[in-house]
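Input: a single structure, listed below in structure tokens.
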Amino acid sequence: MNKISSIKSKSIILKLSLIYFSFLFMQLDITAQNGKEIFNANCTACHFATADRLVGPGLLGVTEKRSKEWFANWVKDSQKMVAEGDKDAVALFEEYQIPMQSFEGVLTDAEILAVYDFLANPEGGEAAATNETATDGDGDDLAIAGEKLYKANCSACHSIGANKVVGPGLQGINEKRSEEWLIKWIQNSPELIASGDPDANAIFEEYNKMPMPPLALSDEDVKAILAYIKNPPGKKEVAAETTEIQGTDVPKDDNSTVMLILLVVVIVFAVILLVFLNKSRVSIAKAVAEKTGDTYNGPVTLAEACKHLISNNKGIVAVIVIILFFAGLVDLMDGAMQIGVHQGYKPEQPIKFSHQIHAGLDKIDCNYCHSSARHSKTSGIPSLNVCMNCHLYIKGEGKTFTYNGEEYPMAEEIQKIYTYLDFDPSTGKYGDNQTPVKWIKVHNLPDHAFFSHQQHVTVGKQQCQTCHGPVQEMDVVEQFSPLTMGWCIQCHKETSVATQGNGYYDDLHSRMPEEFKNKVMQDGKITVNEIGGMECAKCHY
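Those letters in the sequence shown? Residues 92 to 632, per our numbering, in order.
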């Protein structure tokens with residue numbers, strides 16, 4: 092009986108172990124799939140999951156070269172690791188000479204580790220996503236399914252137009268090559284090249300022997316992609332309809348001009364009415380005087396009537412004048428307080444740059460472009476070579492974006508970058524006729540006010556949105572805050588100082604008298620004004 096019980100116990104333990112490991116495997120697979128989604132949303136603009144280089148290095152085998160901890164620290168803030176002298180970080184930076192944007196505050200540790208798990212087994216996540224996409228929709232149009240597959244697997248290197256990105260544009264590819272050949276090429280181009288296929292080798296030579304990575308796609312998936320390239324779903328028609336409806340709106344007149352015209356009309360009408368009323372008053376007064384046998388000696392003209400009214404009601408007139416004087420004085424002071432305040436200023440720039448796309452949808456860290464904000468007084472406007480880090484490869488072919496309520500072709504605005512830089516995208520070479528971009532400055536502070544971005548961003552740990560508002564939601568950047576002295580003072584009264592991990596404040600606390608410490612820390616925080624942030628010389632030295 093004991094033997095039977097022992098066998099049963101072992102059987103139960105074995106079953107539980109199998110269930111546990113099956114669950115664990117499922118969790119790993121789910122993590123890898125989530126990691127693929129995070130990778131596609133945040134990393135594919137600069138990296139392939141294969142060995143091929145895009146802007147940054149290919150990430151195939153990165154999990155074998157780097158630990159999870161190192162990978163997470165690098166993704167969160169690579170420049171911090173470089174500054175701290177990490178050998179691997181310094182070597183990577185020296186090799187590529189392009190700072191990787193910081194994802195600290197954008198991705199959590201769990202999300203970064205999910206990307207790490209996906210990179211450890213990209214084929215598993217790829218196959219799962221491919222199968223899911225291929226079966227999604229239950230009979231949806233083939234081109235719609237192909238669009239999803241194209242965006243997940245092809246859009247980083249190819250456009251569906253004629254423009255070259257990393258690889259050639261795919262416009263007319265269905266007419267140039269047979270379906271059978273395209274399936275072989277897309278699924279495994281290195282194998283087709285090795286077989287001696289003349290077309291495959293010609294393309295390989297034309298694009299500097301840059302291999303196209305094999306894709307884990309079925310024949311049906313490739314056919315769906317080809318259907319999408321041949322006949323992409325018509326988004327442009329919707330845009331055209333929207334534009335047409337917007338075009339029917341009645342143009343708005345200048346409000347100030349309309350109000351001025353109305354005011355003049357009202358004043359003229361009032362004067363004419365007063366003239367007629369005064370004539371009627373005089374006629375009636377004379378008729379009454381004649382009837383009673385008297386002579387009318389009162390005011391006749393409108394001016395005389397006004398003078399007579401004022402002289403007989405001096406007290407009331409004095410009160411009205413005083414009220415009007417002080418009301419005008421208050422209005423004058425309010426107007427004077429608005430001199431130099433440009434809240435809501437929203438100029439259109441020479442290149443229609445959308446922060447909503449770059450900071451919002453693409454989640455690019457503000458400090459990647461405005462890198463001087465971390466170590467300088469000014470944040471600066473990035474030079475176009477920063478734009479070329481990405482737009483050397485991303486050309487926006489066939490895409491549109493919204494700017495100030497209107498749709499524009501993305502490729503046209505990216506072409507402006509090439510024009511200013513005298514860059515030829517077909518040859519990849521720069522000319523000698525480069526011209527500066529005349530950007531329009533949005534945020535202006537008076538010359539007598541000192542402000543340091545480094546002090547607020549690096550030391551104060553303030554987010555850009557604190558002063559600049561939800562920039563990630565703006566297509567056209569505008570001045571969100573008033574940037575007045577009163578606004579700054581209010582912020583200094585309310586904002587707590589970032590004391591964690593700062594040795595300066597540890598020393599400050601140790602030297603602070605207990606009585607003052609209790610008073611300052613009564614609300615559980617130290618604000619800027621409590622450590623001298625309200626002193627005039629801090630901003631007006």
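Here a beta-carbon is modelled for each residue, glycine too, at the ideal position from N, C-alpha and C.
Keep in mind that this is a model prediction, so the values were computed, not measured.
Integer-rounded CB distance, given that residue j should sit under 8 Å from residue i
i      : j      : result
Lys490 : Met501 : 4 Å
Ser470 : His461 : 4 Å
Val533 : Glu569 : 7 Å
Val588 : Val619 : 6 Å
Gly451 : Gln556 : Incorrect: roughly 12 Å between the Cβ atoms, too far for contact.
Tyr387 : Ala380 : 4 Å
Gly126 : Asp200 : Rounded, the Cβ-Cβ distance is 13 Å, inconsistent with contact.
Gly59  : His583 : The requested residue 59 is not part of the displayed model; the chain covers only 92 to 632.
Per-residue burial, residue i [other beta carbons within 10 Å of its own, 16 or more giving buried]
i      : result
Glu271 : exposed
Phe444 : buried
Asn164 : buried
Lys300 : exposed
Cys558 : buried
Met191 : buried
Gln447 : buried
Leu536 : exposed
Thr226 : Unreliable positioning characterises Thr226 in this predicted model, as indicated by a pLDDT of 43, which lies under 50. The coordinate reading is nonetheless provided below. It counts as exposed.
Phe571 : buried
His600 : exposed
Phe367 : exposed
Ser374 : exposed
Lys239 : buried
Lys206 : Per the sequence presented here, residue 206 reads as Val, with Lys not at that position. Burial call: buried.
Phe607 : exposed
Ser371 : exposed
Glu311 : exposed
Phe162 : buried
Asp422 : exposed
Same chain, Cβ closer than 7 Å to residue i, five either side skipped, listed in chain order
i      : result
Ile284 : Ala291, Asn292 and Phe295
Ile531 : Pro438 and Gln440
Phe114 : Annotation note: pLDDT 47 at Phe114 (below 50); position unreliable, no value reported.
Gly431 : Pro537
Pro573 : Val432 and Gln434
Phe492 : Ser445, Ile448, Tyr499 and Met501
Met565 : His446 and Gln447
Asn322 : Ala234
Neighbourhood of residue i by C-beta, 6 Å cutoff - its chain only, sequence neighbours within 5 removed
i      : result
Lys255 : none
Gly252 : Gly260, Gln262, Glu488 and Gly489
Ala211 : Thr154
Asp177 : none
Asn524 : Asp513
Val166 : Phe194 and Ile203
Gly149 : Phe139, Thr141, Ala142 and Asp143
Pro390 : Ala396 and His399
Leu151 : Thr141 and Ala142
Val567 : Lys437 and Asn495
Pair within 9 Å by beta-carbon distance, residue i and residue j
i      : j      : result
Pro259 : Thr141 : no
Gly129 : Tyr241 : Here the sequence assigns Ile to residue 129, which means Gly is not the residue at that position. Contact: no.
Lys159 : Leu233 : no
Tyr187 : Gly237 : no
Ala180 : Met172 : yes
His433 : Ala540 : no
Ile264 : Val313 : no
Met303 : Ser280 : yes
Tyr511 : Thr526 : yes
Cys137 : Cys481 : yes
Ile617 : Tyr595 : no
Lys507 : Ser250 : no
Gly551 : Thr586 : yes
Asn131 : Ala243 : yes
Val408 : Ile401 : yes
Same chain only: Cβ atoms within 8 Å of residue i, ignoring 5 sequence neighbours per side
i      : result
Val197 : Asn133, Lys454 and Asp456
Ser463 : Thr469, Ser470, Gly471 and His544
Asp669 : Look at the range of the chain in this structure, 92 to 632, and you will see that residue 669 is not part of it.
Asn458 : Gln192, Ser193, Ala464, Arg465 and Val548
Leu365 : Leu393
Val412 : none
- Start-end ranges of the alpha helix (DSSP H) lying completely within the segment 352-406, minimum 4 residues: Fully enclosed alpha helix (DSSP H) runs of 4 or longer: 393-403.
- Message: My parser needs the alpha helix (DSSP H) runs of 4 or more residues fully inside the segment 536-622; what are they?
- Response: Every alpha helix (DSSP H) stretch that sits fully inside the segment 536-622 and reaches 4 residues is listed by chain position as 556-559, 576-585, 594-601 and 605-611.
- Whole beta strand (DSSP E) elements within the segment 415-461, 3-residue minimum: Considered as a whole, the segment 415-461 harbours no complete run of any beta strand (DSSP E) with no fewer than 3 residues.
- Go through the segment 139-221 residue by residue and report every complete run of the alpha helix (DSSP H) that reaches 4 residues or more, in order. Counting only runs of 4 or more, we get 153-156, 159-167, 169-174, 178-187 and 200-211.
- Counting only runs of 4+ residues fully inside the segment 271-302, write out the alpha helix (DSSP H) ranges in chain order. Those alpha helix (DSSP H) runs which fall completely within the segment 271-302 and span 4+ residues are 280-285 and 289-297.
- Message: Please give the ranges of any beta strand (DSSP E) in the segment 454-518, keeping only runs that are unbroken, at least 3 residues long and fully inside the region.
- Response: Those beta strand (DSSP E) runs which fall completely within the segment 454-518 and span 3+ residues are 491-494 and 497-500.
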